[in-house]
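Before any comments, here is the structure.
8 protein chains.
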Amino acid sequence: MNKQELKELLDKVSSGQISCDEALSVIRTEPYEDLGFAKVDHHRGVRQGAAEVIYGAGKTSEQIEKITVSMLNHGESSVLITRMSSDAADFLKNSVPLKYDTLSKIGIAGEVPQNNNIGNIVIASGGTSDIPVAEEAALTAEFYGNKVSRLYDVGVSGIHRLMDNIDVISNAKVIIAVAGMEGALASVIGGVADCPVIAVPTSVGYGANFGGLSALLSMLNSCASGVSVVNIDNGFGAGYLANMINKIGE
Amino acid sequence: MNKQELKELLDKVSSGQISCDEALSVIRTEPYEDLGFAKVDHHRGVRQGAAEVIYGAGKTSEQIEKITVSMLNHGESSVLITRMSSDAADFLKNSVPLKYDTLSKIGIAGEVPQNNNIGNIVIASGGTSDIPVAEEAALTAEFYGNKVSRLYDVGVSGIHRLMDNIDVISNAKVIIAVAGMEGALASVIGGVADCPVIAVPTSVGYGANFGGLSALLSMLNSCASGVSVVNIDNGFGAGYLANMINKIGE
Amino acid sequence: MNKQELKELLDKVSSGQISCDEALSVIRTEPYEDLGFAKVDHHRGVRQGAAEVIYGAGKTSEQIEKITVSMLNHGESSVLITRMSSDAADFLKNSVPLKYDTLSKIGIAGEVPQNNNIGNIVIASGGTSDIPVAEEAALTAEFYGNKVSRLYDVGVSGIHRLMDNIDVISNAKVIIAVAGMEGALASVIGGVADCPVIAVPTSVGYGANFGGLSALLSMLNSCASGVSVVNIDNGFGAGYLANMINKIGE
Amino acid sequence: MNKQELKELLDKVSSGQISCDEALSVIRTEPYEDLGFAKVDHHRGVRQGAAEVIYGAGKTSEQIEKITVSMLNHGESSVLITRMSSDAADFLKNSVPLKYDTLSKIGIAGEVPQNNNIGNIVIASGGTSDIPVAEEAALTAEFYGNKVSRLYDVGVSGIHRLMDNIDVISNAKVIIAVAGMEGALASVIGGVADCPVIAVPTSVGYGANFGGLSALLSMLNSCASGVSVVNIDNGFGAGYLANMINKIGE
Amino acid sequence: MNKQELKELLDKVSSGQISCDEALSVIRTEPYEDLGFAKVDHHRGVRQGAAEVIYGAGKTSEQIEKITVSMLNHGESSVLITRMSSDAADFLKNSVPLKYDTLSKIGIAGEVPQNNNIGNIVIASGGTSDIPVAEEAALTAEFYGNKVSRLYDVGVSGIHRLMDNIDVISNAKVIIAVAGMEGALASVIGGVADCPVIAVPTSVGYGANFGGLSALLSMLNSCASGVSVVNIDNGFGAGYLANMINKIGE
Amino acid sequence: MNKQELKELLDKVSSGQISCDEALSVIRTEPYEDLGFAKVDHHRGVRQGAAEVIYGAGKTSEQIEKITVSMLNHGESSVLITRMSSDAADFLKNSVPLKYDTLSKIGIAGEVPQNNNIGNIVIASGGTSDIPVAEEAALTAEFYGNKVSRLYDVGVSGIHRLMDNIDVISNAKVIIAVAGMEGALASVIGGVADCPVIAVPTSVGYGANFGGLSALLSMLNSCASGVSVVNIDNGFGAGYLANMINKIGE
Amino acid sequence: MNKQELKELLDKVSSGQISCDEALSVIRTEPYEDLGFAKVDHHRGVRQGAAEVIYGAGKTSEQIEKITVSMLNHGESSVLITRMSSDAADFLKNSVPLKYDTLSKIGIAGEVPQNNNIGNIVIASGGTSDIPVAEEAALTAEFYGNKVSRLYDVGVSGIHRLMDNIDVISNAKVIIAVAGMEGALASVIGGVADCPVIAVPTSVGYGANFGGLSALLSMLNSCASGVSVVNIDNGFGAGYLANMINKIGE
Amino acid sequence: MNKQELKELLDKVSSGQISCDEALSVIRTEPYEDLGFAKVDHHRGVRQGAAEVIYGAGKTSEQIEKITVSMLNHGESSVLITRMSSDAADFLKNSVPLKYDTLSKIGIAGEVPQNNNIGNIVIASGGTSDIPVAEEAALTAEFYGNKVSRLYDVGVSGIHRLMDNIDVISNAKVIIAVAGMEGALASVIGGVADCPVIAVPTSVGYGANFGGLSALLSMLNSCASGVSVVNIDNGFGAGYLANMINKIGE
């Protein structure tokens, strides 16, 4: 049930077509379906303006399938699945239409949503190894209809590669900065941009990067204003938040 | 120099009133004044849409005064100073008009900006001890003309206090969640809101909070979507980012 | 030897049927059997009111078998084995009757104890991936005869799923809250329940969860009263402690 | 409003003396009083069976006074205040009757509750320096009417001091083990007791104790069953939980 | 060259049989053989009273073989090899006589040294899973001719198992306490013994043991006197040091 | 009661002068005196061959005085007090004879024990700032009658200062290596000595020494054999253990 | 484009052969080639005096090949590839001439550069297991034409092995000290050398080395002057920096 | 004794003016003077080409004075003292000529060395609060006769401030990059410079900077080549190393 559907329901109440109790009962019973191992939330469309997403890691192929099918059966036209193994994708393809990207491990079940090219989200990555995380962010943002510009391999060790793209940065409505190692990309972009910057530390690196800790701390301590941080390797979280911000004012 | 002033300069170039080189020279020489110990950035109004802010911690009263005066002399009508001791505030009052808030340690030199009541930023805090950080965020946001709604002491150990204010949360354009200890407030708000949530971990607590680490990790691992995190106790950063997001679409 | 048997022995001493020294010798020689690599404790039934449990991790199939057989031969009717690989379970089935649960990796050798449906232990989990730990707790509690109610996938990012089950929580005598990521579930439950809450952080998550550290710190810093914490992923410990608490007053 | 008062209110509804709406309005408006900096929760007596407690650290003397007075004015006969400085205690004594303990920094405002000597809570501490935390636990438990037995300075480096008190441990309904340094006390007690053990790590020690981390990790990894852990130095939390457990079955 | 041989050489100098320079040249050229990837130290018998030991981890089978052969060719009758994979052991058996223990991964090349049953080293372990580390210590101590008494599975969760062996502990000249999880064994033994206790934390455990950190910190913070600590899982180091201490006064 | 006194008591039992029960009662009642806040252990002379020591940190002057007097009244001729503030020392001097060293903060109450010049303990320190910890070790060892040789300021950055004293190191029976910063002293000494080396990391340093963590980890990972480690800044523990080792074979 | 080529270009500008704009356009368009997943930097020869290096870890064989070919096609005569798997090396050999070293995982594509035997870089390693990292440094330095002297297995536990090579150390222009475990080698060399020492901590070790943290902290806290540190296992970084330093003054 | 003096001594040996033994005796007895608490190293001028420096932190005013006087009496014309409190400086001025800088806490006793303006060391700092550390580096480098260029307050949040000084960076022989918070300055400078960059993390910042850890990790993980790192706040170490590098080739 999306906001429009909810609004129609409430209009019927307002006009006396259905009683308040009937409306409440419809809304209240809808929120989620209990699959035993998961409570699938069909109400999120109302509550947060976007259909629920399935976090594939730590779930069996069978669990992913059941949740996906439950969602599609409750009116979702498409479902985003993150961190899905290629094995799980192969399994899922037997039951539902699925588009799967091996690099970012993102799958889209059901219809691929139309891209509405809303606003402009710039996704910059420090190095080649950060691209899987950057793509997780990019595909998530595109799933929700946003226009995405990719600026890959513009890490600070060759600052001119970034400076040559200063116009791309200037035209962004929100920027996602994806970087491992020392994570300085977020600060440098934050210093030249005048829009919100979402920093995504990655676990790329070795030794004293301690699984992404170095980039994480670096980004949290950014001396540039307008920068906030999501979890290490959390491309989805950044893409989802960028979508939220990008659509403000549409 | 703000965007408007820059635009006028460029119009003169366009119409041939001044040459391109003259314009470049004006822009290029303006960016900062070198005080020796600091390079004051007068160009930020152009580059990022907001005047520079003085981070007062670790600066002497004399340094703060010199930077403030330099800014006011270069056309800023008001300057925001964060983490300023009351001693520094007393010192500064001798030179410039200053409004100082002892709780958040924020000072505003020059004219107090008019609040334009733009959008709606909700600032929620977990407990009474988190209020100084929450106020740093609130005063920063108000400095830039945003409308701010305060929801203090709504921590998750009494979840009904938060639930009773669900309408305030629903009407927010962006929410700042300030919490120490276990930092769960961000996840709970992130689960019910459908706007961006900026999480500010605080160092409030003791023992295994390790100076704010517990709240920081908790917020970074939030299972709610749309949540991003700034540094521990960084109320200013949250307020500044909230201002950026809130003004999108104005 | 259980408490009843011990009491009968001491009655015989009291009535002069056997001498004090004979009794002491019986008790003293019984405590454990030395298998070389392990000292099997047959006295725990007296000392702690529950038969010893075998922690299967880090033990070979042969070691598990020898300890199990030693216990069954000394009068235990059933033995609980935790963290047992399916290989070890297959091996053990050759020697003794065994019921094995692949999800929680718990095995019960000998007779499956009758469930006496004592009290009410509620086990809540944040997400689908936390279920193996939650089931380790649940099966442990059921092994000792407790009634267990499961509330799975009620994490705080969709707080209404938890709120809809507020009556289940209100009727609990003790609650086990199992959650990874930010571990906020314990605080939220602790805030609405008026019984002891045992929090189990899990290693579910990635990046800055640092193997369960985020949930652990979050739970230790809970601002709700009545919450205590066991080791990361320690479902058994929570189930065992819940059993102890639940049976007080029976 | 306690459970009894709530029950009477609902009985009136049931018998038609007051309408359902009137009752709801009474309950709903009662939960908390908003002091601006704090939302004082007067409903906790219903929700959790114990009046709210004031955590004094990080609050000004004035804030503590206002919250205390608000509580006493709403029908609480006595209020427990933890981590209150002696200065705050002196300030508070001007407004309300107060009993203050300098060692544990606990204050009781209003009437000192009658001790009902319910059950038996044993509080054991490793060394002399752990006593302030142990007393915080003890006074909290006594505030709620529990009988408390103190076993101080029984650390494991002189295990016979503990073993000489094995009968005290055997008769406990719940035990609180307070220890700094290596925190082994919890495991040793957990190994001989057959009741729940609440472990409280303290920050006592130096060097590699890292502010209580050594005792905390030690207690979380206890190989004894039935042990759970609260935050470093959290005597109040342990005393409150012990009260909850001790009263089960009363 | 051992101390006796060195003494004879110096006697010859003293009596004028050889010149000082000749003697120096003999000693100086002897210390080590350079294999390119390793400088094999044949002088250690003089310098430290015990032949060099090969740390097998991180060395190829070929490297281990070359170092072993170099040592045996320079007059060592037996060589101790620690942390050697069974593959490396199989490889080495082709060249030299080898006795290999799969549990502790210790190999002895050349003659197995005669055990002189010197003094008494007690090795206590907390649980069954700690035995590989305990055996590394035991076999090392026996290699150097010490008498070793093993006390396995006497962890503090069943303190009576340890107390029943108090006489074994009383008769020790030095004790090695091997334990994972909370590592409390070292403190308890340190509290009842009056000889040096070498504590070996192990990585046995899970969750908040953080690879042995919990036992390490616990042992470093031991409140018992006479306890010192070696690296996590360093059975060899403990056995070698126990040998040094045990032989003082022989 | 020391070993000699205990032996005489048991001889009386053996010869029938007193009954076994009388002897037991004497021994059993002696172990400790309960001062309420402390259980003073008068039996340690029997159990561990050395009188109890008072750890002064975290105890009030009054507590230290009461414990000291209790010990002197129970037959101890001298008592060692560590980490005692100069204020506590001044207070204590009113009641008992006291010798106090301001550098190491060690006090000796009662008679200063005669130094028997047993064996040879070498105490080496890396720098001038490590001397307080080194002196805590030295005075402790001298208290128990050991001969101590001091080698101060011989850190590895000027390795020749250490090498010039190679004969001092060669003649030691046990060596205590005290060092902060990188703590390399322990490894270098361990590589040239053929006796046990007790490493004491100190908190001397700044930045990435993290309160002594760098020296601690360095010493635990020493590639030299025969090295073990005590807590950061634990000079007493090292001196006590060195005494134990030094006296083996006397 | 190297410095010489750039100079010739600028000379042409100076003499009017080409316009400033043409020159700028040549320089500006040259910097990098965009392969989509990577921006290959052909300008580094100008900017930093050394051709770009390919960091092989985290790149597919195909990506490495494309970048290598792009570089060779743009005028590089040889390309250094670090952390390349042997599979990637086999793949790359199909397209370009490649010399591959399995120990250090370094590959050189194109012509092997002539070694000009410039200066003298000494590379010392603590143990046999550190050699792969040491060789990464050595081959990098040799790639750029430096003379390299290897001193392997000279760890501080046998300080005489290092002291015997004091002349090698005295003649170095820059020294690279590679060590795991306690990392003391850097301090000892720093204390005797009078040239810059680049310390490379390695992850060699176990237990409390925490993946190289012990050596890293040790080296950062070195009490010897003239020592700086690169990332754990970063042999390339050390070799590259040594090359920079070594060539100063050539 | 400096290199020149040593050379003259050896020339006398070579020409037979003094015997080899006499020369050795002079050299050997000179190395250090033992003050009891410190072994003052007068030989460092020979061994490392620079007089010893006194690290003032953790030393009493009296100790600093004695070491300084000892050095000046042994032929040093000037002595560098770091981290000296102003109290110690006042004390020292009574005995020796002293120039003291309050910002960096550096003192120069004896003659202020002539600055020879050798080479060019650039010292860049991120912010105003990093200046004390930067000045410690600058004054150290100037003490040894180097020319120093200061670039303060050029942090990456305003990258144009750094880019405007690209020519200063291009002309450096070695650069010291001093920065706290996210420490990105080192990477950005490392990416544009073609000389060695010494990175100095500072403890400037708050919250998740954890006392300089964020900048330290960031700098260690720098993706720019040619960057190495010294301890947090270690301005002296950077200045000393820069001096070493700068003088290569003079």
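Protein chains in written order, with this note's numbering: chain A, 227 to 476; chain B, 227 to 476; chain C, 227 to 476; chain D, 227 to 476; chain E, 227 to 476; chain F, 227 to 476; chain G, 227 to 476; chain H, 227 to 476. Quick reminder that beta carbons are idealized off the backbone N, C-alpha and C, glycines included.
* Hey, does T354 (chain C) have any beta-carbon neighbour from chain A nearer than 8 Å? -> Position 128 of the third sequence holds residue 354 (chain C). So, interface residue.
* If we count the other Cβ atoms within 10 Å of its Cβ and call it buried at 16 or more, is K229 (chain G) buried or exposed? -> Working through the seventh sequence from its first residue, we reach residue 229 (chain G) at position 3. Summary for K229 (chain G): the model assigns pLDDT 49, below 50, so the residue's position carries little reliability; its value from the coordinates is reported in the next sentence. Under this definition K229 (chain G) is an exposed residue.
* To do: Determine the direct distance from the alpha carbon of A315 (chain H) to that of V348 (chain E), and round the result to whole angstroms.
  => Against the fifth sequence, residue 348 (chain E) aligns to sequence position 122. Against the eighth sequence, residue 315 (chain H) aligns to sequence position 89. Distance between the alpha carbons of V348 (chain E) and A315 (chain H): 56 Å.
* Asked: Of all Cβ atoms in chain C, is any one closer than 8 Å to the Cβ of G284 (chain A)?
  -> Start at 1 with the first residue of the first sequence, and residue 284 (chain A) comes out as number 58. Yes, because at least one Cβ of chain C sits closer than 8 Å to the Cβ of G284 (chain A).
* Excluding sequence positions up to five away, which residues of its chain have a Cβ less than 7 Å from the Cβ of N457 (chain A)? -> By 1-based counting over the first sequence, the position of residue 457 (chain A) is 231. Around N457 (chain A): G463.
* **Option in B:P422, B:M310, B:Q289 and B:V418 with minimal Cα separation from N391 (chain B)** => Walking along the second sequence from the start, residue 391 (chain B) turns up at place 165. The residue with the shortest Cα to Cα distance from N391 (chain B) is B:V418.
* Extent of the continuous alpha helix (DSSP H) run through V338 (chain F) -> Translated into the one-based positions of the sixth sequence, residue 338 (chain F) becomes position 112. Premise fails: V338 (chain F) is in no alpha helix (DSSP H) and is neither H nor E.
* Asked: Does the beta carbon of G475 (chain H) sit closer than 8 Å to a beta carbon anywhere in chain A?
  -> For the purposes of this step, residue 475 (chain H) is taken as residue 249 along the eighth sequence, with counting starting at 1. So no, G475 (chain H) is outside the interface.
* Asked: Any contact of the region 438-451 of chain G with the region 403-412 of chain G, i.e. 3+ C-beta pairs under 8 Å?
  -> yes
* Do G461 (chain G) and A363 (chain G) have their CB atoms nearer than 8 Å? -> Walking along the seventh sequence from the start, residue 461 (chain G) turns up at place 235. Walking along the seventh sequence from the start, residue 363 (chain G) turns up at place 137. Yes; because the gap between Cβ atoms is below 8 Å, this pair is in contact.
* Taking V426 (chain C) as the reference, which of C:G353, C:E288, C:L318 and C:K399 has the closest Cα? -> Counting from 1 along the third sequence, the entry for residue 426 (chain C) is found at position 200. Ranking C:G353, C:E288, C:L318 and C:K399 by Cα distance to V426 (chain C) puts C:G353 first.
* According to a CB-to-CB cut-off of less than 8 Å, which residues of the region 445-463 of chain C neighbour chain E? -> N457, I458, D459 and N460
* Asked: Exposed or buried, L439 (chain H), counting other C-beta atoms within 10 Å across all chains shown (16 or more means buried)?
  -> In the eighth sequence, residue 439 (chain H) corresponds to position 213, counting from 1. Classification for L439 (chain H): buried.
* Proximity of R309 (chain H) and G282 (chain H) at Cβ, strictly below 8 Å -> Locating residue 309 (chain H) in the eighth sequence gives position 83, where the first residue counts as 1. Locating residue 282 (chain H) in the eighth sequence gives position 56, where the first residue counts as 1. Yes, these two residues count as a Cβ contact at 8 Å.
* To do: Measure the Cβ-Cβ separation of I424 (chain D) and L388 (chain D) and say whether it is below 8 Å.
  => In the fourth sequence, the residue the question calls residue 424 (chain D) occupies position 198. In the fourth sequence, the residue the question calls residue 388 (chain D) occupies position 162. The answer is no: Cβ separation not under 8 Å.
* Give the interface partners of L377 (chain F) over in chain G, defined as CB-CB distance under 9 Å, in chain order. => The count along the sixth sequence starts at 1 and reaches residue 377 (chain F) at position 151. Residues of chain G passing the Cβ test: none, with the nearest at roughly 16 Å.
* To do: For L329 (chain B), count neighbouring C-beta atoms within 10 Å of its own C-beta (all shown protein chains included) and say buried if the count is 16 or more, exposed if not.
  => As a first step, residue 329 (chain B) must be located in the second sequence, where it is residue number 103. Exposed, by the Cβ-count rule.
* Nearest-angstrom Cα distance between S304 (chain B) and I334 (chain B)? -> Sequence index remark: in the second sequence, residue 304 (chain B) carries index 78 (1-based). Sequence index remark: in the second sequence, residue 334 (chain B) carries index 108 (1-based). Straight-line Cα distance between these residues: approximately 7 Å.
* To do: Kindly indicate which residue of A:G465, A:M445 and A:N342 has the alpha-carbon position closest to the one of I401 (chain A).
  => Reading the first sequence from its first residue, position 175 is the one you call residue 401 (chain A). Answer by Cα proximity: A:G465.
* **Helix, strand or coil at N346 (chain F) [DSSP, three-state]** => Along the sixth sequence, read from residue 1 onward, the residue named residue 346 (chain F) stands at position 120. Reduced to three states, the DSSP call for N346 (chain F) is strand.
* Compute the Euclidean distance between the alpha carbons of S383 (chain E) and K399 (chain C), then round it to the nearest angstrom. => Counting from one through the fifth sequence, the residue named residue 383 (chain E) turns up at place 157. Counting from one through the third sequence, the residue named residue 399 (chain C) turns up at place 173. Each residue's alpha carbon lies about 27 Å from the other.
* To do: Determine which residues share a DSSP beta bridge with P427 (chain H) and list them.
  => Sequence index remark: in the eighth sequence, residue 427 (chain H) carries index 201 (1-based). DSSP output for P427 (chain H) lists H:A405 as bridge partner(s).
* Asked: First and last residue of the beta strand (DSSP E) that includes K285 (chain F)?
  -> Numbered from 1 along the sixth sequence, position 59 holds the residue referred to as residue 285 (chain F). No beta strand (DSSP E) contains K285 (chain F), which DSSP labels as neither H nor E.
* **Status (buried if at least 16 other CB within 10 Å, exposed otherwise) for S351 (chain C)** => The residue you call residue 351 (chain C) lines up with position 125 of the third sequence. Buried is the call here.
* Asked: Which class does S303 (chain H) belong to by DSSP, given the choice of helix, strand or coil?
  -> The residue you call residue 303 (chain H) lines up with position 77 of the eighth sequence. Coil.
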